[in-house]
Structures are given as structure tokens and as C-alpha cells.
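Using my numbering, read the sequence shown as starting at 26 and increasing by one per residue.
Quick reminder that beta carbons are idealized off the backbone N, C-alpha and C, glycines included.
What follows is a short report on a single structure.
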Amino acid sequence: MKIYIIGAGPGDPDLITVKGLRILQEADVVLYTDSLVNEELIARAKPGAEVLQSAGMSLEEMVAIMTDRVKAGKLVARVHTGDPAVFGAIMEQKALLAKEGISCEIIPGVSSVFAAAAAVGAELTIPELTQTLILTRAEGRTPVPDREQLKELASHHCTIALFLSATLTKKVVRELTEAGWRPDTPVAVVQRATWPDQLIVRTTLEKLDEDMRTNGIRSHAMILAGWALDPNIHEKDEYRSKLYDKTFTHGYRKGVKE
């Protein structure tokens with residue numbers, strides 16, 4: 026007995042994987058996060074499927090429904106926004122389902138962090154500038170481990186992607202500043218990436234809180250920060266990769282000297 030946990034992607038219904046869409050269209054029961062997953066995607070479920078919204082349910086209610094339907098011989102698809110592995114709250118579902126003898130097959134999806142990067146045309150790992158991307162969130166009502174405080178992570182001065190932090194921008198600015206980030210560090214905020222009402226705000230660390238407030242952004246926003254977000258980075262030749270450098274030899278091409 027098993028259920029499928031499907032990553033629906035960031036919003037655009039066409040950004041689900043081929044396998045995810047196939048399972049969605051075969052499922053007898055579809056349980057989805059209605060506050061985040063596009064209704065246009067859920068409308069692609071097969072005719073007659075039982076479609077249930079989970080935003081108003083507790084963990085126990087969701088698991089009880091999935092358990093009941095699986096034990097009745099139904100194919101169950103649990104549809105999450107983005108990719109289930111990142112802030113997807115799937116571990117607790119898997120734990121309770123396992124007690125019922127039910128396993129989970131996870132089908133990955135496009136995370137909002139990569140949808141946001143695509144929206145602003147950014148490469149988050151620039152050679153000679155930054156080769157590390159940290160996915161995290163600012164500490165709010167839900168605590169983060171002491172060793173993962175934003176100030177500590179920011180000390181690496183790499184690219185940072187902040188989930189679930191749109192209402193905590195004062196804290197974000199303070200902690201990055203205390204970690205030594207320059208006030209003019211580029212920041213890009215993408216609200217509702219890939220949705221028809223997508224909003225992009227390009228700003229700097231010192232202006233982040235003001236610009237978030239001015240644009241009324243308090244939810245469904247990805248904050249990307251670091252010098253990889255410099256909109257003029259592509260003009261700087263010193264950050265070119267070795268991969269396509271004609272003087273660089275690798276397994277598929279012999280380099281030539283200038």
C-alpha cells in the first residue's frame with residue numbers, strides 16, 4: 026500500500042513533471058494544498074476523481090483520509106506546492122502513514138526558488154563570485170536551530186534564498202548587515218513566481234524592508250540575496266566559467282592556447 030506525494034511546481038500548471046501529471050490524471054483521490062496549488066492543475070485530474078482541499082485540515086485529518094482511501098484500494102495523490110523536499114512538511118505525514126503500513130513515493134517538482142531565479146534571469150552560482158546557495162528562512166514563530174541562525178549562515182557571503190520570510194524583512198536586513206553584508210548588496214524578490222500576477226521587485230539590502238512594504242508583499246514571496254543577483258553581472262568577464270573557456274581542457278575538449 027502506498028500513496029504518491031507530488032510536487033506541483035511553483036504555480037504555472039505546465040511546470041509539473043510529466044510523471045507527476047500522469048499520476049494526477051490516474052488518481053482516484055487527489056488531496057491538495059488549495060491555498061498554494063493552482064486550481065487549473067487540479068482540474069486536470071481524471072473525471073470522477075475525489076478531489077479534496079487540505080488547507081483547513083489538521084495533519085491527523087489528512088492522514089486519516091489518505092489511510093482510509095488507500096485501504097479501500099484507491100490510488101491516492103497528495104499534491105504539494107513546489108518541491109515536497111523543501112519546507113514541504115512531508116516527514117510527519119510519512120511517519121503517521123508508516124504506522125498504518127502505507128509507504129510514500131515522492132515525485133519531485135520545480136521549487137519556487139528556481140522559478141524565482143528564472144523569473145529574474147539569474148544564475149545563483151557564479152564562477153569566482155559564489156559557488157554556494159543556502160536555502161533557509163528567517164526565524165519567526167517557528168524557531169530554527171541555533172547553529173542555523175540567519176546571521177551565522179550569512180557569514181559565508183554566498184547566495185541566500187529565503188522562504189517564508191516576507192513578514193520578517195527587518196530581521197533579515199539586520200542579521201545580514203551584522204554578518205557584514207554591504208548595504209548595496211543586490212536583492213530580488215519574486216512574489217507568486219510563475220503565476221499570472223507574478224510580481225518582481227529588484228532592490229538592495231538596505232532598501233529591502235521599505236520596498237517590500239511599498240509593494241504590499243507579505244506572503245508567497247521568495248527573497249534572493251547576494252551578488253549573483255546583480256542585474257549587470259553578465260557584463261563582467263571575470264566571472265566566466267571554465268566549462269566553455271577555449272583554453273580549458275576537459276574530457277570532451279582539448280584546450281587551445283591563446
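Q.
Suppose you measure from the CA of Glu-117 to the CA of Lys-195; what does that come to, to the nearest Å?
A. Distance between the alpha carbons of Glu-117 and Lys-195: 31 Å.
**Q.** Nearest-angstrom beta carbon gap, Ala-52 and Thr-150 [assumed within contact, 8 Å]
**A.** Their Cβ separation, rounded to whole angstroms, is 36 Å, which puts Thr-150 and Ala-52 out of contact at 8 Å.
Q: Please name the residue in Arg-243, Ala-218, Ile-30, Asp-222 whose C-alpha comes closest to that of Val-104.
A: Ile-30
Q: For my contact list, Met-247 and Ala-141 are in at a C-beta cut-off of 8 Å; report their separation, rounded to the angstrom.
A: The pair is a contact, with the Cβ atoms about 4 Å apart (cut-off 8 Å).
**Q.** Where the alpha helix (DSSP H) containing Gly-45 begins and where it ends
**A.** 43-51
Q) Using the C-alpha atoms, what's the distance from Val-62 back to His-245? A) Take the alpha-carbon of His-245 and the one of Val-62: they are about 12 Å apart.
Q: With DSSP as the reference, please indicate the residues paired to Ala-186 in a beta bridge.
A: Leu-160, Leu-249
Q) Thr-161: which of Glu-65, Leu-189, Gly-251 sits nearest, CA to CA? A) Leu-189
Q) Is it right to say Tyr-277 is buried, meaning 16 or more other beta carbons lie within 10 angstroms of its own, or is it exposed? A) exposed
**Q.** Exposure of Met-87, with buried meaning 16 or more beta-carbon neighbours within 10 Å
**A.** buried
Q: Measure the Cβ-Cβ separation of Ala-218 and Ala-144 and say whether it is below 7 Å.
A: yes
Q) When burial is assigned at 16 or more other CB atoms within 10 Å of the CB, is Val-286 buried or exposed? A) Any property of residue 286 remains undetermined from this structure, which presents the chain solely from 26 to 283.
Q) Using DSSP with H/G/I as helix, E/B as strand and the rest coil, what is His-105? A) strand
Q: Check each candidate in Leu-56, Gly-73, Thr-202 and name the one with the smallest Cα separation from Val-95.
A: Answer by Cα proximity: Leu-56.
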